[in-house]
Structure formats: structure tokens, C-alpha cells
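Position one of the sequence shown corresponds to residue 89 (the working numbering), numbered consecutively onward. The structure under discussion appears below in the form of C-alpha cells.
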Amino acid sequence: MTDGFTSSIHLFEYQPEKIKIGTVYHYVKSNIDGTNPADVSIYVASRQRVEVLKIEQGSTLPAYVTADFDWESFSAVRLDSWHIIEDGSLRRQLESHLSRENNTYTAYLEGGIFSADVGHYPLHNYNFDFISFNFIFRHLIDPEQKFAIGVVEPNWDVILSPDFSPTGEATDVLRYKGKALIEFLGADTYRDVDCRKYRISGEGMDEQVGFFWANIEHGHFENFEHPHPDNPAWDSFKFDLRSIEYMTLAEWKEFIAARHKEMLERNGSIDGLDGEINDQPRPAACGQIKKTAAPIGAPPFC
89 MTDGFTSSIH
99 LFEYQPEKIK
109 IGTVYHYVKS
119 NIDGTNPADV
129 SIYVASRQRV
139 EVLKIEQGST
149 LPAYVTADFD
159 WESFSAVRLD
169 SWHIIEDGSL
179 RRQLESHLSR
189 ENNTYTAYLE
199 GGIFSADVGH
209 YPLHNYNFDF
219 ISFNFIFRHL
229 IDPEQKFAIG
239 VVEPNWDVIL
249 SPDFSPTGEA
259 TDVLRYKGKA
269 LIEFLGADTY
279 RDVDCRKYRI
289 SGEGMDEQVG
299 FFWANIEHGH
309 FENFEHPHPD
319 NPAWDSFKFD
329 LRSIEYMTLA
339 EWKEFIAARH
349 KEMLERNGSI
359 DGLDGEINDQ
369 PRPAACGQIK
379 KTAAPIGAPP
389 FC
């Protein structure tokens with residue numbers, strides 16, 4: 089725990105009218121050159137929650153993630169991640185929490201508990217494809233103001249080492265990387281959409297420089313590109329918006345079931361699929377998460 093944190097929270101103001109419940113943002117995640125594409129769909133379930141469906145190349149199971157937001161810290165205070173297995177039920181993968189009281193970010197993985205001290209707010213998990221940063225960005229009071237966010241991400245060197253065990257003695261599994269500095273560069277267009285272009289750099293981004301384009305009217309990211317990958321299955325990070333639509337909750341569940349069925353058909357197994365994602369189970373108690381295998385190309389942190 090640390091009391092030595094800094095904050096840019098005062099540069100944000102919660103504007104609920106900018107959150108359109110039922111919106112679905114369809115992105116393609118890839119390397120900057122477009123290789124290794126994965127489909128990522130983000131559903132705005134409420135003004136405090138988004139739900140995410142991730143379908144990666146080489147994976148046998150889709151990932152389903154929920155993020156719950158706190159509009160005092162402009163951060164996701166809870167992430168829950170599951171795999172959707174063959175019968176449509178959810179198998180827990182990961183749970184993580186942000187504690188403003190303790191200034192810690194804690195992940196619960198396969199019986200292991202891993203924490204990192206937080207040095208700056210808002211805080212965002214880069215491994216979550218910066219989806220939480222994307223969602224809070226529209227609440228920036230002055231979109232031309234230079235500001236910083238805190239960045240946390242898994243320590244892949246530790247996690248991917250042959251001797252790593254979630255219940256072992258590994259330390260430094262989860263890292264607070266430092267601040268990412270965001271600087272407005274000017275008006276620009278991306279795919280004929282009017283945007284503001286930004287530079288993102290600093291310690292939190294591995295001292296590398298990237299860029300993103302935010303929709304002027306609505307504030308969501310049209311595209312994000314950075315040479316620092318958010319997952320070792322990629323060699324860089326690109327998050328490119330392809331389309332937006334609106335769905336009811338029932339339509340969203342049907343969409344998930346249809347994409348799941350496509351994956352099962354590709355893998356030659358569709359037995360047991362009931363045409364709809366099963367109701368979300370209650371989150372497991374911290375430290376009681378069952379061990380599950382991660383899909384190919386997606387280490388088990390989000």
C-alpha cells in the first residue's frame with residue numbers, strides 16, 4: 089500500500105449523457121501492420137459497466153470480460169474474465185479489483201493473489217486493450233489538455249517463465265508501470281471521421297511513443313496504435329474501430345451465442361450449444377478461482 093500517489097482526476101467530469109446504453113463497438117485488435125487480427129466487441133450494458141467478447145485467432149474458446157467503473161476515480165474498479173466453454177456456460181479465468189482505500193490493484197488468478205501499488209489515477213490496465221481508458225476518455229473536460237493516466241499490466245517475463253505457478257512464490261507478477269502522458273496534437277481525420285489526434289508515451293508505455301484518434305463528437309477511440317504490445321501474443325498493439333451498432337441485452341446475448349457457434353463449427357464441435365450464453369454466474373470468492381487452460385495466444389490475464 090502507498091499514500092504517495094498523484095492524480096489527474098480533476099481533469100475529468102462525469103457526463104452520463106455521453107454513455108449510450110446498448111451501444112456495441114466492434115474493434116479489430118492486431119499488430120500495427122494488421123497481422124494477427126482478433127475481433128473485440130464492446131457492449132455498453134449500463135453507465136457503470138461494459139461487457140466484452142474477444143475472439144482470437146488460434147483460440148478454441150472465446151473470452152468474455154466485464155468491467156465495472158467508478159466515476160470518482162474514472163477507472164475500472166473491477167474486471168471479471170471468463171471463457172465461454174462448449175455448452176455456452178462461463179468458466180472463470182480472472183478477477184481483479186482496484187482499491188482506492190489501499191491504493192492497490194489486485195488480481196486473483198487460479199488461487200493466487202497478486203497486488204501492485206497504484207501511483208497515479210485514473211488507473212488503467214493496458215492488458216485490457218485500454219478499453220477502460222477508451223470508455224472514460226469521453227469525460228475529459230478539456231480534450232486539448234495534456235494529462236496523465238496510471239498504467240498497470242502483467243509482468244509477462246514472470247508469468248510465461250517455465251517455473252511460474254499462481255500458487256507458488258513468484259513476486260512482481262502484476263506491475264504498476266508508471267504514468268502514460270497524453271498530448272493533444274491537433275484535429276485530424278481517420279477513415280473520414282473527424283477526430284482529435286493524440287500522442288501517448290512515457291514510463292507507463294515502456295518509454296515508447298504511440299498515437300490514437302478520438303472521435304470529436306462522441307469521444308470514443310477510432311484507432312489506437314502503439315509499438316508496446318499489451319499481450320506477448322502480439323509484437324505491437326493496434327485497436328481499430330470497424331463499426332458501431334445498437335443492441336438490446338437479449339440481442340447481445342444472441343450475438344455472443346452466434347459468434348460462439350461459429351468458433352465451435354470451425355473446431356468441428358457444436359454439441360451442447362443451446363443458442364444463448366448461459367446466465368452469468370456469481371463471481372467466485374477471491375482466491376477460489378478454478379484453474380483453467382488459457383486459449384492459444386492469450387495468457388490468462390485478460
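Yeah, the Cβ is synthetic: ideal placement off N, Cα and C, and Gly gets one too. Treat the numbers as computed from the prediction; the structure is a model and nothing was measured.
| query | From which residue to which residue does the alpha helix (DSSP H) around I344 run? | reply | Segment L337 to R354, the alpha helix (DSSP H) holding I344.
| Apart from the five residues on each side of it in sequence, which residues of its chain come closer than 7 angstroms, Cβ to Cβ, to E189? | Cβ neighbours of E189 within its own chain (closer than 7 angstroms, five residues either side excluded): none.
| query | Quick check: the region 236 to 247 against the region 134 to 150, are there 3 or more CB pairs under 8 angstroms? | reply | Using a C-beta cut-off of 8 angstroms, the region 236 to 247 makes no contact with the region 134 to 150, since fewer than three inter-stretch Cβ pairs fall below that distance.
| field | Any 3 or more C-beta pairs closer than 8 angstroms across the region 91 to 100 and the region 297 to 306 | value | Not touching, per the Cβ criterion.
| Considering only the beta carbon of each residue, do E313 and L329 sit closer than 8 angstroms? | For E313 and L329, no; Cβs fall outside 8 angstroms.
| said: Buried or exposed, going by whether 16 or more other CB atoms sit within 10 Å of the CB of N222? | reply: Classification for N222: buried.
| query | Can you tell which of S147, I130 and L178 has the C-alpha that lies nearest to the C-alpha of D156? | reply | If we check each option's Cα against that of D156, I130 comes out closest.
| Assigned secondary structure, D245 (DSSP; H/G/I helix, E/B strand, else coil) | Residue state, collapsed to three classes: helix.
| said: Checking the sheet assignment: what are the DSSP bridge partners for T192? | reply: Under DSSP, T192 shares a beta bridge with S187 and D205.
| field | Under 8 angstroms between C-beta atoms of H171 and A195 | value | Taking 8 angstroms as the cut-off, the Cβ atoms of H171 and A195 do not count as close.
| message | Judging by CA-CA distance, which residue of A258, G207 and G146 is the nearest neighbour of A126? | response | Nearest neighbour of A126 by Cα position, chosen from A258, G207 and G146, turns out to be G146.
| request: Report all residues from its chain with a CB closer than 8 angstroms to the CB of K379; omit the five preceding and five following residues, and keep chain order. | output: Here the model assigns K379 a pLDDT of 29, short of 50, so the residue's position is not dependable, and the following value carries that caveat. So the list reads E198, G199 and P254, once near-sequence residues are dropped.
| Any idea if H279 is buried or exposed, counting beta-carbon neighbours within 10 angstroms, 16 or more meaning buried? | The amino acid at residue 279 is misidentified as His; the sequence shows Arg. Residue environment for R279: exposed (fewer than 16 other C-beta atoms within 10 angstroms of its C-beta).
| Which full runs of the alpha helix (DSSP H) of 4+ residues lie inside the region 297 to 331, going along the chain? | List check, alpha helix (DSSP H) in window: nothing returned.
| said: Going by beta-carbon coordinates alone, are R135 and I109 separated by less than 8 angstroms? | reply: Yes, the Cβ-Cβ distance between R135 and I109 is below 8 angstroms.
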